[in-house]
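*Asks:* Taking the working numbering, the leading residue of the sequence shown gets 28, the next gets one more, and so forth.
For every residue, glycine included, the Cβ atom is placed at its ideal position computed from N, Cα and C.
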Amino acid sequence: MGVKGLDNKSKKAVEFFIETQAELQKVSWPTRSELVGSTIVVIVCLIVLGLYVFCVDWVVSTFMKAIDIL
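1) Taking 8 angstroms as the limit between beta carbons, can you name the residues of its chain near Ala-49, skipping five residues before and five after?
2) Within its chain, find whatever has a CB closer than 7 angstroms to the CB of Leu-73; leave out the 5 residues flanking it on each side and keep chain order.
3) Taking the alpha helix (DSSP H) that Asp-15 falls in, what are its first and last residues?
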């Protein structure tokens with residue numbers, strides 16, 4: 028049947044998927060070691076940020092309790 032037998036919307040959809048596949052083949056995918064390294068960096072940053080927020084919350088909460096607001 029091919030693309031010739033399709034209406035305009037269907038042709039555009041088929042062209043879209045063909046172009047998408049071509050673009051995905053151009054992508055430079057990370058190696059496993061790059062992916063693991065990046066994941067570790069993200070997890071460490073999240074832990075550091077979480078600890079920072081926890082500490083700030085604890086300090087503010089302690090201060091509020093000390094002046095009898097909470």
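*Replies:* Inspection of the coordinates gives the following:
1) none
2) none
3) For the chain, the structure presents residues 28 to 97; residue 15 sits outside this window and is missing.
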